[in-house]
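Chemist:
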Amino acid sequence: MRQALRHAHSATLRTPRPAVKARAHAAWQAGQAHAKRGAWALATRSFEAAARHDPRDPVIALNLARALLAQRRCDEAAEAAARAYNLNPRDPIACAYTAHCLMEGKRFRDAARCLQSLPGDLERGFDYWSTLARAHQLGHHPKEAIDAHLQALALNITDANAHYQLGLCFNELVMKIEAAQCFETALAMGAGSHELGIRALLAYFARDACHWSGAGNALSELERTLHALPDDAALSATPFAHVTLQDDPADLLKASRMLARQLAQGAQPLPPRASDWRPEGARRLRVGYLSADFHQHATCILMAEMLEQHDRARFEVTLYSHGRDDGTDMRRRIEAACEHFVDLRSSTDREAAERIRADGCDLLIDLKGYTAHNRFAIFAWRPAPVTATFLGFPGTTGADYVDYFIGDPVVTPLSHQPWYSEQIAQMPVCYQPNDRQRPLPAPPARSDEGLPEDALVLAGFNQPYKISPEVFDVWCGLLHELPQAVLWLLHWNDQSRANLEREAAARGVDPARIVWAARKLPAEHMARMPLADLFLDTWPCNAHTTASDALWAGVPVVTFAGRTFASRVASSLNHAVGLPELACADVEGYVRTVLALALDPARRSALRQRLAQARNDSPLFDSQRFTRDFEALLLRMMQRHVEGLPPAPLPALQP
13 MRQALRHAHS ATLRTPRPAV KARAHAAWQA GQAHAKRGAW ALATRSFEAA ARHDPRDPVI
73 ALNLARALLA QRRCDEAAEA AARAYNLNPR DPIACAYTAH CLMEGKRFRD AARCLQSLPG
133 DLERGFDYWS TLARAHQLGH HPKEAIDAHL QALALNITDA NAHYQLGLCF NELVMKIEAA
193 QCFETALAMG AGSHELGIRA LLAYFARDAC HWSGAGNALS ELERTLHALP DDAALSATPF
253 AHVTLQDDPA DLLKASRMLA RQLAQGAQPL PPRASDWRPE GARRLRVGYL SADFHQHATC
313 ILMAEMLEQH DRARFEVTLY SHGRDDGTDM RRRIEAACEH FVDLRSSTDR EAAERIRADG
373 CDLLIDLKGY TAHNRFAIFA WRPAPVTATF LGFPGTTGAD YVDYFIGDPV VTPLSHQPWY
433 SEQIAQMPVC YQPNDRQRPL PAPPARSDEG LPEDALVLAG FNQPYKISPE VFDVWCGLLH
493 ELPQAVLWLL HWNDQSRANL EREAAARGVD PARIVWAARK LPAEHMARMP LADLFLDTWP
553 CNAHTTASDA LWAGVPVVTF AGRTFASRVA SSLNHAVGLP ELACADVEGY VRTVLALALD
613 PARRSALRQR LAQARNDSPL FDSQRFTRDF EALLLRMMQR HVEGLPPAPL PALQP
């Protein structure tokens, strides 16, 4: 297929058939001359003239498609290429180029259908199957993509990238064992620029399965690979693995910078535009939020009420969505919370940036970072005068095209500025919004959840990738000290459950003392949360939404702060809810605090009463106050911009 695309591009050097009208030929030659100079708009006009004179020449149509695509006019390019393909349905070059144009326009399903329309008697080589697999993969049809990747590998079993892409498809289907096997094969065959990303995924998979011997080796290899790379590399790194597996902000910054550079390749920043908004003016500040998660997702569970509380007299809010509509009540609530809801799913990164620019957005806020299904590359086009990242990704993006990172004095002390590419902008209390409308149904009986009535229940409701061997050592040590206690964990996957039970036995703990909580709907999960006596946090990646859920349910959260944002979240929440004594300084303090609370039912009861009151009077759960503070922080960002000052750290103002 790559060869076919090269043929399509080289078609610009071929002369149309001898019978072509002289005027068509002259226009075609003019288009060729413009194309060689990169004057694609002029080339387009010439090729359009040639096509009018000779509409049945497929070479002219392909030339027109190429000129249109060079201007990112993807739909028009696909239409022109499709005309060439329709003129000769047995031409694999026209088929390939049509699919290429469709994929550039993010019409992945249409691209797959185009490729599948090639007559069955024509040969299909490795490039054909790889391109079809990629179309299915980018269209989020991993099963079809796997079939196509296997066809490609049957023709070239040594292609490392095909094994890597196949692994990504298995990962999307949560078939992590198969994905890991593909990634190991890709490494063995020479993964090239994918090596860092593959090693990050392997380390993450091993931790997610609680396969700690494998995780330790994979993490060591990941660190070795990262440290060996030059600081200015532009690679497809996986910063999320560094966030979750390491407490090393320098490594995270390096990995994030590599990915930010890689995403910016090919982006052509839009011409700089200063905002005409003024603090004293009549026009409202136009604020945009960009995310794929405007549905039933942790991000919206946290910020739904904040969006509803925005002061519409001063702020015009637009949600730019590139994610699915899941049909939930949360989706409808989020749509109603803003003035404008724009669907960017079918837009290219450039088209999305141009739409945001055309809307006159003054300040664009990223809610995804490097989490799943992000479109972070849109920011590389610089669609708004001021940009910030918030809530979605617990660490620096490493991008020089994002101005601010919104945190607070605990998660992002100003002394940590060297570890952020963005300027730290501190909320006065806590960076995390919360929704006072979240449900808190009556709890079930302990027996309904398989919990002993008289046990001390220590909940650890984080996903298994957050449970390191060091964390589990501490938890098992607590179980030895507290014979009446049980550990209440989420049954996230069978592999992690089996491995944790084996690891408990190896530490002298009866696996029966681990009670497994089935995954449930959010309201059902919230209902059972108060059955826990204490919530045990993980490190170096804390509970985030889960920690605020526990506090809302009245369950004290014991944590301690590390060096990264992700390792300081629960400490920030505890400070905001008025329980700083539960934010410990080190592991020893964490153990002492848990033991002291475990042996003091009266103190636990007092803490639960304080948390019950906090639902009404704590800054953590005061959405209106949070929104006013957040808006004030945005205004400080904009004030610097309108004064012609560069972004700079914005310390928290006294609440």
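The opening position of the sequence shown corresponds to residue 13 in the working numbering, with each subsequent residue numbered one higher.
Built from N, CA and C at the ideal position, the CB exists for glycine as well.
Could you tell me which residues DSSP pairs with PHE572 in its beta bridges?
Modeler: Taking the sequence shown and counting its residues from 1, the one referred to as residue 572 is at position 560. In the DSSP output, where bridge partners are listed per residue, PHE572 has CYS596.
Chemist: TRP52 and ALA262 look like a contact to me (Cβ under 8 Å); what is the Cβ gap, rounded to whole Å?
Modeler: Against the sequence shown, residue 52 aligns to sequence position 40. Against the sequence shown, residue 262 aligns to sequence position 250. Their Cβ separation, rounded to whole angstroms, is 43 Å, which puts TRP52 and ALA262 out of contact at 8 Å.
Chemist: Identify whether GLY656 lies in helix, strand or coil by the three-state DSSP scheme.
Modeler: Sequence index remark: in the sequence shown, residue 656 carries index 644 (1-based). Three-state result, GLY656: coil.
Chemist: Over the uninterrupted alpha helix (DSSP H) stretch that includes ARG673, give me the two end residues.
Modeler: For the chain, the structure presents residues 13 to 667; residue 673 sits outside this window and is missing.
Chemist: How close, in whole Å, do the beta carbons of CYS113 and ALA89 come, if the pair is a contact with beta carbons under 8 Å?
Modeler: Walking along the sequence shown from the start, residue 113 turns up at place 101. Walking along the sequence shown from the start, residue 89 turns up at place 77. With 8 Å as the limit, CYS113 and ALA89 qualify as a contact, their Cβ atoms being about 4 Å apart.
Chemist: Is the separation between the beta-carbon of LEU199 and that of ILE189 shorter than 7 Å?
Modeler: Numbered from 1 along the sequence shown, position 187 holds the residue referred to as residue 199. Numbered from 1 along the sequence shown, position 177 holds the residue referred to as residue 189. Against a cut-off of 7 Å, the Cβ pair of ILE189 and LEU199 comes out as no contact.
Chemist: Which residues in the same chain as ALA106 place their Cβ atom closer than 7 Å to its Cβ, once the five residues preceding and following it in sequence are excluded?
Modeler: The count along the sequence shown starts at 1 and reaches residue 106 at position 94. Taken in chain order, the residues that qualify are PRO70, LEU74, ALA93, ALA96, TYR97 and ASN100.
Chemist: Taking the continuous alpha helix (DSSP H) assigned at LEU74, which residues delimit it?
Modeler: One-based indexing of the sequence shown puts residue 74 at position 62. Note, LEU74: alpha helix (DSSP H), 70-82.
Chemist: Identify which residue in SER427, LEU150, ASP288 and ARG345 has its Cα closest to the Cα of HIS653.
Modeler: Working through the sequence shown from its first residue, we reach residue 653 at position 641. That would be ASP288, whose Cα lies nearest to the Cα of HIS653.
Chemist: Which residues mark the beginning and the end of the alpha helix (DSSP H) in which TRP40 is found?
Modeler: For the purposes of this step, residue 40 is identified with residue 28 of the sequence shown, where counting begins at 1. First-last of the alpha helix (DSSP H) with TRP40: 34-48.
Chemist: Please go through the same chain and pick out, in chain order, the residues whose beta-carbon is closer than 7 Å to the beta-carbon of CYS86, but skip the five residues on each side of it.
Modeler: Locating residue 86 in the sequence shown gives position 74, counting from the first residue. Once the five neighbours on either side are set aside, the close Cβ partners of CYS86 are CYS113, GLU116, GLY117 and THR360.
Chemist: Mind checking which residues open and close the alpha helix (DSSP H) that includes VAL483?
Modeler: Residue mapping note: residue 483 aligns to position 471 of the sequence shown, counting from 1. Segment 481-493, the alpha helix (DSSP H) holding VAL483.
Chemist: Looking at ASP545 and LEU463, is the spacing between their C-beta atoms short of 7 Å?
Modeler: As a working mapping, residue 463 is identified with position 451 in the sequence shown. As a working mapping, residue 545 is identified with position 533 in the sequence shown. Not closer than 7 Å, so no.
Chemist: Judging by CA-CA distance, which residue of SER333, ASP522 and ARG68 is the nearest neighbour of LEU356?
Modeler: Walking along the sequence shown from the start, residue 356 turns up at place 344. It is SER333 whose Cα lies nearest to the Cα of LEU356.
Chemist: Taking the Cβ atom as the reference point for each residue, do ILE72 and ALA79 lie within a distance shorter than 7 Å?
Modeler: For the purposes of this step, residue 72 is taken as residue 60 along the sequence shown, with counting starting at 1. For the purposes of this step, residue 79 is taken as residue 67 along the sequence shown, with counting starting at 1. For ILE72 and ALA79, no; Cβs fall outside 7 Å.
Chemist: Going by C-alpha to C-alpha distance, which of ALA111, ASP412 and LEU548 sits closest to CYS488?
Modeler: Counted from its first residue, the sequence shown places residue 488 at position 476. The candidate whose alpha carbon is nearest that of CYS488 is LEU548.
Chemist: Any idea if GLY12 is buried or exposed, counting beta-carbon neighbours within 10 angstroms, 16 or more meaning buried?
Modeler: Nothing about residue 12 can be read from this structure; the chain reaches only from 13 to 667.
Chemist: Distance, Cα to Cα, VAL527 vs GLU465?
Modeler: Taking the sequence shown and counting its residues from 1, the one referred to as residue 527 is at position 515. Taking the sequence shown and counting its residues from 1, the one referred to as residue 465 is at position 453. Distance between the alpha carbons of VAL527 and GLU465: 13 Å.
Chemist: Take the Cβ of ARG26 as the centre, count every other Cβ of all protein chains shown within 10 Å, and call the residue buried at 16 or more, exposed below.
Modeler: Within the sequence shown, numbered from 1, the residue matching residue 26 stands at position 14. Bear in mind that the predicted position of ARG26 carries a pLDDT of just 49, short of 50, making it unreliable; the figure below should be weighed with that in mind. Label assigned to ARG26: exposed.
Chemist: Quick one, which of SER268, TRP40 and ALA164 has its alpha-carbon nearest ALA212's?
Modeler: Your numbering for residue 212 matches position 200 in the sequence shown. Closest by alpha carbon: SER268.
Chemist: Would a C-beta distance cut-off of 7 Å place ARG298 and GLU328 closer than the cut-off?
Modeler: Counting from one through the sequence shown, the residue named residue 298 turns up at place 286. Counting from one through the sequence shown, the residue named residue 328 turns up at place 316. Going by C-beta atoms, ARG298 is nearer than 7 Å to GLU328.
Chemist: Could you check which residue in LYS380, HIS352 and GLY381 has the C-alpha nearest to that of ARG367?
Modeler: Your numbering for residue 367 matches position 355 in the sequence shown. Answer by Cα proximity: HIS352.
Chemist: Taking the beta strand (DSSP E) that GLY300 belongs to, which residues open and close that run?
Modeler: Counted from its first residue, the sequence shown places residue 300 at position 288. Per DSSP, GLY300 belongs to the beta strand (DSSP E) from 297-303.
Chemist: Considering only C-alpha positions, which residue in the set PRO281, LEU282, ASP243 and LEU275 is nearest to LEU264?
Modeler: To locate residue 264, count along the sequence shown from 1; it is residue 252. The candidate whose alpha carbon is nearest that of LEU264 is ASP243.
Chemist: According to the Cβ coordinates, are ALA392 and ALA227 closer than 7 Å?
Modeler: One-based indexing of the sequence shown puts residue 392 at position 380. One-based indexing of the sequence shown puts residue 227 at position 215. Going by C-beta atoms, ALA392 is not nearer than 7 Å to ALA227.
Chemist: For the beta strand (DSSP E) that contains HIS428, what are its first and last residues?
Modeler: Here residue 428 refers to the residue found at position 416 when the sequence shown is read from its first residue. Neither: HIS428 is in no beta strand (DSSP E) and is coded neither H nor E.
Chemist: Grab me the residues of SER635's own chain with a C-beta within less than 7 Å of its C-beta, minus the 5 sequence neighbours each way, in chain order.
Modeler: Here the question's residue 635 lines up with position 623 in the sequence shown. The residues are GLU317, MET318, GLN321, PRO445, ASN446, ASP447 and ARG448.
Chemist: At the level of alpha carbons, what is the spacing between SER583 and TYR602?
Modeler: Along the sequence shown, one-based indexing puts residue 583 at 571. Along the sequence shown, one-based indexing puts residue 602 at 590. Cα to Cα, SER583 sits roughly 12 Å from TYR602.
Chemist: Where do the ends of the beta strand (DSSP E) carrying TYR416 lie?
Modeler: Numbered from 1 along the sequence shown, position 404 holds the residue referred to as residue 416. Start and end: 416-419.
Chemist: Which residues in the same chain have their Cβ closer than 6 Å to the Cβ of MET13, if we skip the five residues on either side of it in sequence?
Modeler: In the sequence shown, residue 13 corresponds to position 1, counting from 1. Low per-residue confidence applies at MET13: pLDDT is 49, beneath 50, and the placement is therefore not dependable, though the value from the model is reported in the following sentence. Cβ neighbours of MET13 beyond the five flanking positions: ALA108, ASP139, TYR140 and THR143.
Chemist: Thinking just about the alpha-carbon of each residue, which of HIS239, ASN586, GLN435 and PRO67 is nearest to the one in LYS33?
Modeler: Residue mapping note: residue 33 aligns to position 21 of the sequence shown, counting from 1. Closest by alpha carbon: PRO67.
Chemist: Can you give me the start and stop residues for the beta strand (DSSP E) that VAL422 sits inside?
Modeler: Translated into the one-based positions of the sequence shown, residue 422 becomes position 410. From DSSP, VAL422 is part of no beta strand (DSSP E); its letter is neither H nor E.
Chemist: Indicate the three-state DSSP secondary structure (helix, strand or coil) for LEU25 in the structure shown.
Modeler: Start at 1 with the first residue of the sequence shown, and residue 25 comes out as number 13. Summary for LEU25: the model assigns pLDDT 42, below 50, so the residue's position carries little reliability; its value from the coordinates is reported in the next sentence. LEU25: helix per DSSP, three-state reduction.
Chemist: Taking ALA145 as the reference, which of PRO283, PHE182 and TYR413 has the closest Cα?
Modeler: Mapped onto the sequence shown, residue 145 falls at position 133. Checked all of PRO283, PHE182 and TYR413; the closest Cα to ALA145 is PHE182.
Chemist: Using beta-carbon positions only, say whether LEU632 and VAL589 come within less than 7 Å of one another.
Modeler: Against the sequence shown, residue 632 aligns to sequence position 620. Against the sequence shown, residue 589 aligns to sequence position 577. The answer is yes: Cβ separation under 7 Å.
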